[in-house]
Each structure stands twice: as structure tokens, then as C-alpha cells.
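In our numbering, the protein residues as written are 14 to 372. Built from N, CA and C at the ideal position, the CB exists for glycine as well. So the structure is just underneath, and the comments pick up after that.
Right, dumping it as C-alpha cells:
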């Protein structure tokens with residue numbers, strides 16, 4: 014029988030049994046299709062001797078779980094931890110530290126960029142995991158034995174994967190690289206949405222005219238705050254196409270907004286707030302990001318040299334080039350928007366000389 018923790022006493026007992034066990038494998042199941050904030054539906058835990066599914070929908074008090082996951086003396090092993098960190102930060106108010114992300118570890122071992130969990134398990138253990146429940150609605154109860162077994166598979170192999178990858182990273186002299194990258198994921202600011210940065214999520218913003226950017230920024234911030242207040246997906250508040258249309262062709266006044274055919278019927282009640290956001294953009298406090306303009310010839314030449322240098326270095330290390338520096342970061346260096354002196358940590362030690370020579 015698969016242990017399912019759905020009572021306060023059961024959670025206390027699990028927390029006591031898992032306390033001090035290191036590493037602690039962790040995964041979550043959640044839904045976010047109908048809400049702004051992801052709804053935590055299941056938490057899977059595994060140590061060398063204990064494995065269980067915690068049902069947060071049946072428990073009002075998750076403090077024992079939060080304390081367990083926040084224990085600084087216990088390594089938490091997750092795969093592709095980003096979304097798990099987001100939901101744990103929002104639901105429990107903690108980030109599980111110290112973190113060992115097996116996806117990052119695998120990349121640093123030369124096993125490929127952003128390898129999936131199933132692919133990693135097959136690569137390390139020769140086991141093919143079932144995919145039958147990948148589309149499960151984890152908020153529905155009761156969960157079947159097969160669903161719980163599928164969920165526990167997501168943590169079953171993590172402790173042994175941690176041991177294998179940690180040994181390989183130690184042999185390669187890259188364990189500190191992993192620790193640095195995992196620590197960066199544990200910055201709370203990373204998982205705290207900033208409304209005035211919400212424009213970065215909008216598909217196609219790069220194609221907008223520069224003059225539209227202040228309006229885009231303010232409209233996206235308004236949508237973000239309203240989605241937070243209503244706990245509804247951003248697209249349910251205002252879709253990207255409407256937002257871009259309003260930023261590109263703003264109405265002159267409230268009457269034009271209401272009667273100009275640009276506002277879907279469901280947004281008419283928010284018309285005044287939308288006009289306030291558009292008017293706030295008239296202050297011109299935000300200039301368009303420089304990346305909106307095409308690279309000049311000399312910038313393109315620098316970008317090509319930098320790309321060649323990164324590709325050569327990555328090949329020599331048997332690492333994905335994107336793990337060293339993303340295309341966007343390379344472009345900022347090529348445009349002189351970012352100095353090589355601003356690189357930090359292991360990437361700075363590795364990249365400053367070859368990239369400096371390429372410039």
C-alpha cells in the first residue's frame with residue numbers, strides 16, 4: 014500500500030521519520046489552469062527508507078512539512094525544480110534549501126541541456142517510466158493506486174540519481190558550479206512576481222513600436238495585479254492580443270475605449286482602470302529595452318564572434334553552450350549593454366578570457 018498522508022498526526026509522523034535524512038527527494042503535483050497561483054495538490058517525498066505522498070488538500074496545517082523542507086542541514090533533491098519552487102514558495106512560504114537540482118546536475122555532467130526526468134532515469138538506470146498519468150487532474154479525489162504509484166515514481170529514483178551525479182560532478186571538479194546555480198534558484202525575489210516586469214511574459218512584445226512600450230508596461234502591470242487579486246489566469250483577465258492592440262493603438266478617452274470596438278465585453282467593467290493604466294504610461298518613465306532595435310553590423314559581428322567562442326568552449330567541456338551563456342546574454346554583451354566584468358561565479362572564471370579575446 015502506498016502511504017498517503019492526509020491527517021495532522023500522519024504528517025507529524027512523516028516529518029519526524031524524514032527529519033535528518035539526507036538527501037530528501039521532493040516533487041509536487043499542482044494545477045494552474047484556472048487560477049493565477051498554482052494550486053498545490055500533492056507533495057511526494059522519499060529518503061533511502063521512507064516514501065510517501067502528502068495530500069495538502071486534506072490538511073489545513075502544513076507547518077510540519079514546511080519545517081521539514083526548510084531544514085538547512087538536509088539536501089533537497091528535485092528535478093527541474095523551477096515550478097516546484099514557485100508553488101512551495103507561494104503555498105508554504107519557504108524554499109527547500111539546500112537544493113540539488115538533478116536537471117542542472119545532469120547538464121553539468123554533459124548529459125544534455127534540460128533533460129527530462131524520464132529520460133534521465135532511463136539514461137542512468139535503464140528504466141522506462143510510465144507516462145499514462147501525465148495529464149492527471151491532481152485536484153480530484155480519491156486518487157487511484159496507479160496515480161499515486163506514478164507520482165511516487167517521480168521521487169523514487171532521485172536519491173540514487175543524486176549520488177551518481179554528485180560523484181560525477183566531484184570527479185569533474187564541477188560540484189561547486191552546481192551549488193552556485195542551485196543557490197541562485199533559492200532567491201525569494203525570483204519567485205515573487207513584479208507587476209512592472211510582467212510585460213516580459215507577453216508573446217510578440219519585440220515587434221511593437223518603441224513608443225508603445227510604456228503603455229505595454231503599464232497595461233501588463235494592471236493585468237498582473239488584477240489577476241493576482243482575482244486569482245485567475247492572466248489570459249482570463251485580458252489576452253495578449255487585446256493588450257498589444259491597446260498599447261499600439263491607444264484610445265483617446267474612456268468613451269473611445271468603450272465604443273471603439275477594442276474592448277471585449279467582459280472587460281467593460283474594468284474600462285476606467287484600463288484608462289488609468291494608459292494615462293500612467295504618458296508620464297514616459299519607462300524607455301523601451303534596447304533589444305527592441307535590430308543589431309547594427311558591428312554588433313552582429315561581435316555577436317557572431319562571441320557565439321563561436323562560446324560554442325568552442327562548450328564543445329571542449331562537453332557542455333551545452335546555453336548553459337554557459339544564453340543567446341540573450343550574448344546579445345547584451347555584443348551590444349555593450351552588459352560588461353564581461355558583470356559576470357560572476359564560475360562562469361566569470363571560465364568566460365572572461367575567451368569572450369574578451371572574441372571582442
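Original post:
Which value, in whole angstroms, describes the spacing of the CA atoms of residue 94 and residue 137?
Top reply: As a position in the chain shown, residue 94 is number 81, starting the count at 1. As a position in the chain shown, residue 137 is number 124, starting the count at 1. When only Cα atoms are considered, residue 94 and residue 137 end up about 19 Å apart.
Original post:
DSSP state of residue 338, grouped into three classes?
Top reply: Residue numbering aside, residue 338 sits at position 325 when the chain shown is read from its first letter. Looking at residue 338 - three-state DSSP - the assignment turns out to be coil, as it is neither helix nor strand.
**OP:** Note down, in chain order, each residue of its chain lying with its Cβ closer than 6 Å to the Cβ of residue 10, except the 5 sequence neighbours on either side.
**Re:** It is not possible to answer for residue 10, since the shown part of the chain is limited to 14 through 372.
Original post:
For residue 181, which residues from the same chain have a beta carbon less than 6 Å from its beta carbon, with the 5 sequence-adjacent residues on both sides left out?
Top reply: The residue labelled residue 181 in the question sits at position 168 within the chain shown. Closer than 6 Å at Cβ, skipping near neighbours: 122.
Original post:
If you pair each beta-carbon of the region 22–31 with each one of the region 152–170, do three or more pairs fall below 8 Å?
Top reply: Counting Cβ pairs under 8 Å, fewer than three are found: no touch.
Original post:
Do three or more CB pairs link the region 74–86 to the region 44–51 at distances below 8 Å?
Top reply: Here the region 74–86 does not lie against the region 44–51, with fewer than 3 beta-carbon pairs under 8 Å apart.
**OP:** Report buried or exposed for residue 278, applying the criterion of at least 16 other Cβ atoms within 10 angstroms of its Cβ.
**Re:** Position 265 of the chain shown holds residue 278. Exposed: under 16 other Cβ atoms inside 10 Å.
Subject >> Inside the region 222–269 only - alpha helix (DSSP H) runs reaching at least 4 residues >> reply: DSSP runs (the alpha helix (DSSP H)) wholly in the region 222–269: 226–243, 247–250 and 253–261.
Subject >> Between the CA atoms of residue 77 and residue 20 - distance to the nearest angstrom >> reply: The residue given as residue 20 occupies position 7 in the chain shown. The residue given as residue 77 occupies position 64 in the chain shown. CA-CA distance, residue 20 to residue 77, rounds to 12 Å.
**OP:** Output the distance between the C-alpha atoms of residue 212 and residue 337, rounded to the nearest integer angstrom.
**Re:** In the chain shown, counting from the first residue as 1, residue 212 sits at position 199. In the chain shown, counting from the first residue as 1, residue 337 sits at position 324. Whole-angstrom Cα-Cα distance: 26 Å.
Subject >> Inter-residue Cα distance where the pair is residue 15 and residue 259 >> reply: The residue you call residue 15 lines up with position 2 of the chain shown. The residue you call residue 259 lines up with position 246 of the chain shown. Residue 15 and residue 259 have their C-alpha atoms some 52 Å from each other.
Original post:
Quick one: what's residue 89 bridged to in DSSP?
Top reply: Position 76 of the chain shown, counting from 1, holds the residue named residue 89. The partner list for residue 89 (beta bridge, DSSP) reads 37 and 112.
**OP:** Please classify residue 179: is it buried, with 16 or more other beta-carbons within 10 angstroms of its beta-carbon, or exposed?
**Re:** Counting from one through the chain shown, the residue named residue 179 turns up at place 166. The residue is buried, with at least 16 neighbouring Cβ atoms inside 10 Å.
Original post:
residue 150 CB to nearest chain D CB: under 8 Å?
Top reply: Here chain D cannot be found, since the structure has a single protein chain.
**OP:** Using a threshold of 8 Å, state whether the C-beta atoms of residue 290 and residue 232 are closer than that.
**Re:** By one-based count along the chain shown, residue 290 stands at place 277. By one-based count along the chain shown, residue 232 stands at place 219. Pairing residue 290 with residue 232 gives a Cβ-Cβ distance under 8 Å.
Original post:
Just curious, the beta strand (DSSP E) that residue 195 is in, first and last residue?
Top reply: Indexing the chain shown from 1 puts residue 195 at position 182. For residue 195, no beta strand (DSSP E) run applies; the uninterrupted alpha helix (DSSP H) run containing it begins and ends at 188–198, by DSSP.
Original post:
In the DSSP assignment, what are the bridge partners of residue 319?
Top reply: By one-based count along the chain shown, residue 319 stands at place 306. According to DSSP, residue 319 bridges with nothing at all.
Original post:
Can the beta-carbon of residue 75 be found closer than 8 Å to that of residue 154?
Top reply: The count along the chain shown starts at 1 and reaches residue 75 at position 62. The count along the chain shown starts at 1 and reaches residue 154 at position 141. Going by beta carbons, residue 75 and residue 154 fall outside the 8 Å limit.
Original post:
By a C-beta neighbour count over all protein chains shown, 10 Å radius and 16 as the cutoff for buried, is residue 229 buried or exposed?
Top reply: Residue 229 sits at position 216 when you count from the first residue of the chain shown. Classification for residue 229: buried.
Subject >> Cα-Cα separation between residue 115 and residue 126, rounded to whole angstroms >> reply: One-based indexing of the chain shown puts residue 115 at position 102. One-based indexing of the chain shown puts residue 126 at position 113. If you take the alpha carbons of residue 115 and residue 126, they lie about 12 Å apart.
**OP:** For residue 356, collect the residues of the same chain with a Cβ closer than 7 Å to its Cβ; drop the 5 residues on either side in sequence, then sort them by chain order.
**Re:** For this step, residue 356 is matched to residue 343 along the chain shown. Sequence-distant partners of residue 356 (beyond 5 residues in either direction) whose C-beta falls short of 7 Å from its own C-beta, in its chain, are 364 and 365.
Original post:
Which word fits residue 331, buried or exposed, when buried means at least 16 other C-beta atoms lie within 10 angstroms of its C-beta?
Top reply: Mapped onto the chain shown, residue 331 falls at position 318. Its Cβ having fewer than 16 others within 10 Å, residue 331 is exposed.
**OP:** Can you say whether residue 292 is buried or exposed, counting buried as having 16 or more other CB atoms within 10 angstroms of its CB?
**Re:** Taking the first residue of the chain shown as position 1, residue 292 is located at position 279. By the Cβ neighbour-count rule, residue 292 is exposed, with fewer than 16 other Cβ atoms within 10 Å of its own.
**OP:** Please determine, among 119, 249, 239 and 253, the residue with the shortest C-alpha to C-alpha distance to residue 195.
**Re:** By one-based count along the chain shown, residue 195 stands at place 182. Of the candidates 119, 249, 239 and 253, the one whose C-alpha sits nearest the C-alpha of residue 195 is 119.
**OP:** Kindly list the residues whose CB is nearer than 6 Å to the CB of residue 166, restricted to its own chain and excluding five residues on each side of it in sequence; keep chain order.
**Re:** If you number the chain shown from 1, residue 166 lands on position 153. Only 142 meet the Cβ criterion.
Subject >> Residue span of the alpha helix (DSSP H) that contains residue 171, given as start and end >> reply: Numbered from 1 along the chain shown, position 158 holds the residue referred to as residue 171. 171–185 is the span of the alpha helix (DSSP H), which, as asked, contains residue 171.
Original post:
Between 146, 314 and 91, which lies nearest to residue 198 when the distance is taken from Cα to Cα?
Top reply: What you label residue 198 is simply residue 185 of the chain shown in a count that begins at 1. Here the closest residue by C-alpha is 91.
Original post:
Going by alpha carbons, who is nearest to residue 110 out of 267, 36, 347 and 150?
Top reply: Position 97 of the chain shown, counted from the first residue, corresponds to residue 110. Closest by alpha carbon: 36.
**OP:** Could you tell me which uninterrupted beta strand (DSSP E) segments, each at least 3 residues in length, are contained entirely in the region 17–84, listed from first to last along the chain?
**Re:** The qualifying runs are 37–44, 52–59 and 64–67.
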